[in-house]
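In the numbering used here, the protein residues as written are 2 to 749.
Here's the structure we're looking at; comments come further down.
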Ligand code: BGC
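Here's what the structure looks like:
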């Protein structure tokens, strides 16, 4: 009898455990989060909001702290950044598993344009206007990073930037909110893949919230003074697009916005992001930005800084230690409610659950997978394709390009020809165990790989990237004289554009333009490659040299990709995502400006008009500009209606023909102008585009839809409205090269 009871008891016990287990399995993430939260002490909760730098690399002032392991063991750290590789992440995670509640750490990293495989810098990729290519580059970056133990990238940077003096212009998608929004979306989708929790997905982080790109004078970290209209119309849309694409996290920014630091800015984080937009992920501060509010002069000390940031909606403190040092006291002093802390903690725990880290904290630490993914040869193939798609053909007089692979003698001159790491750009991740000299295809190697065995390739450096030394000119001139064609590779060093790399002078650095002049004087046909992280100024070159390619920084496949374009294996299709000025004095310069009451109609009649007396208003190269080796003809524009009500749509069709001898891709751009608005409307706004491929002689019909959304704007009350009236429709190959025009009316 006793044994029967015992068996019954065991059976019931097992049943209870099993159903508990099933219930636990069935619990939703928020329920699971709550069950963890209930077990946590205040100190452990604050720990989740604390993020430290590992010791590997840093973008900000580092606080030496030899007690990190101990703090992790005590549950006082929620996340580490700059910690890479399965070995390293695993060893930190093991320490986290010694903590009372075993809450896993999150590993964050700046995976901005590739992880092991370096892709073109984001501004270059934006020039491709190829959303699929951009998404695939983010996908590969995520696959490699996730295989290497990383859970979270601090990307995409979706800051609109209209000031090329600002060094971080290289990190975004340029000046336009429409293009910027689509690219933000593509990047988020690429990073996060099919689903967070998959072993090839990392959390995206839309940054820097907000308006960081409008730093006064283009000086990094500087203040931003901006109307609400501009904020909503231009600077916020890419963030909203990133959020709509599912971005798991946001990062706030270093700048103040209209006098309130973004990190302590309630309007941005609580009212807009977590309120109006209902963002359910978490916000991380920028590096030390909570503590930096003391320097801004917005708070007195780190106690006040922590109060301001947590109240405003910053959930995680990157490296400033203000939360760790002050939140407990703030709760004790009843300045911060426990609900506020809980809300921040829950947001972070939720992501740890979504990533699957509670089930398996070492899920992303598989060394075999790491080796397989970071050595996947497919990745460099795609990097080469994306790089070729990012190269902008700025000039091609008399069809000098593409070059023949049988050219007898080519001189390849300039300080960037044989450079390796410069091609990688500012934000490349350099893994200590990788020999980059083996990985990077230099420009020299790329051209060498491409030309015929019987062709001769000559080299001279000519000069340095920077500095005044012209000692190498004579040798470069002699080398040029021996060649049938000269390619000159010039530009910036990769550390000249990037964080904290603002420049007041954005002309081609050093004596490089003088080198170009000296070579051009030999009378040889010259092709110039410009490698840079921002629009540079090179007026003499633009006016005198027959062929120019803007090659930005293209990553580890730069050399082969450049050669693909130089020799016509890839027909360039990229278009500038940002306006190139003639002089710094025009900055900020962008295509979607207002008309003013006294618009300058041309450069010769400057009588009391909105113009400079010493400089044209027009850019050197406009937004959307880029040539091809073939010609595209635009024709047969048709609108399904010329008058619509706001609930109706217009179908726009047109024909595009490739009239040249080779196949090519064209980015057909659709601009609108709302002629009269209660708020002045820009002279042109990009509203749609299509990148289409056409064989030689082929014609395609393309279709666009104009609907209410495309005609709306924020009115004075910041309401998204359409107003009846006339609209101009402009379709072209750049913002200035408009090939087809029509107009229509929106009626009540
Ligand atoms: C940058 C961020 C970056 C962070 C971490 C900061 O200095 O502004 O964009 O994600 O450092 O490296």
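From the three backbone atoms N, C-alpha and C, an ideal C-beta is built for every residue, glycine too.
All of these numbers come straight from a predicted model, not from anything done at the bench.
In DSSP terms, what residue 581 is bridged to: 622
Could you please give the first and the last residue of the uninterrupted beta strand (DSSP E) stretch that includes residue 672? 665-675
Simplified DSSP assignment, three categories, for residue 497: DSSP places residue 497 in helix when its eight states are reduced to three.
For residue 154, the three-state DSSP class (helix, strand or coil): strand
With 16 other CB atoms within 10 Å as the buried threshold, where does residue 339 fall? Exposed, since its Cβ has fewer than 16 Cβ neighbours within 10 Å.
Residue 706 and residue 644 closer than 8 Å at C-beta: no
Determine the direct distance from the alpha carbon of residue 222 to that of residue 722, and round the result to whole angstroms. 34 Å
For a test of the three-state rule: what should DSSP assign to residue 745, helix, strand or coil? Here residue 745 sits in strand by DSSP.
Is any heavy atom of the ligand BGC found at a distance shorter than 7 Å from the C-beta of residue 443? no
May I ask you to report which of helix, strand or coil DSSP gives residue 371? In this structure, residue 371 counts as helix in the three-state DSSP scheme.
Listed in chain order, which residues are found with a beta carbon closer than 5 Å to a heavy atom of the ligand ADP? As for the ligand ADP, it is missing from this structure, which binds only the ligand BGC.
Leaving out five residues before and five after residue 407 in sequence, what residues of the same chain have Cβ atoms less than 7 Å from its Cβ? 453 and 456
Would you please state the rounded distance, in angstroms, between the beta carbons of residue 549 and residue 447? I believe it to be under 8 Å. Incorrect: roughly 18 Å between the Cβ atoms, too far for contact.
Between which two residues does the alpha helix (DSSP H) carrying residue 561 extend? 559-567
Tell me the DSSP secondary structure of residue 710 in three-state form. helix
Alpha carbons only, please: which of 636, 129, 114 and 147 is nearest the one belonging to residue 138? 114
Length of the line joining the Cα atoms of residue 16 and residue 88: Residue placement at residue 16 is poorly supported in this model, since its pLDDT is 41, which falls under 50; the coordinates still yield a value, given next. Approximately 40 Å, taken between the alpha carbons.
Do you know how far the Cα of residue 39 is from the Cα of residue 623? 57 Å
Among 365, 164 and 606, whose alpha-carbon lies nearest the alpha-carbon of residue 109? 365
Alpha-carbon spacing of residue 166 relative to residue 321, whole angstroms: 28 Å
Host alpha helix (DSSP H) of residue 179 (start-end): 178-193
Tell me the DSSP bridge mates of residue 108? 81
Just to check my reading of the structure: residue 675 and residue 728 have Cβ atoms closer than 8 Å, yes? What is that Cβ distance to the nearest angstrom? 6 Å
Mind checking whether residue 330 and residue 247 have CB atoms under 8 Å apart? no
How about residue 74: is its C-beta nearer than 8 Å to some C-beta of chain C? This model lacks chain C altogether; it includes just one protein chain.
In or out: residue 552 buried (at least 16 other Cβ within 10 Å) or exposed? By the neighbour-count definition (other C-beta atoms within 10 Å, threshold 16), residue 552 is a buried residue.
When 319, 228, 628 and 56 are compared against residue 66, the one with the closest alpha-carbon: 56
Run through DSSP, which three-state label would residue 590 get? Looking at residue 590 - three-state DSSP - the assignment turns out to be coil, as it is neither helix nor strand.
Please confirm whether residue 346 and residue 46 have their CB atoms less than 8 Å apart. yes
Please classify residue 503: is it buried, with 16 or more other beta-carbons within 10 angstroms of its beta-carbon, or exposed? buried
Reduced DSSP secondary structure (H/G/I, E/B, other) of residue 398: helix
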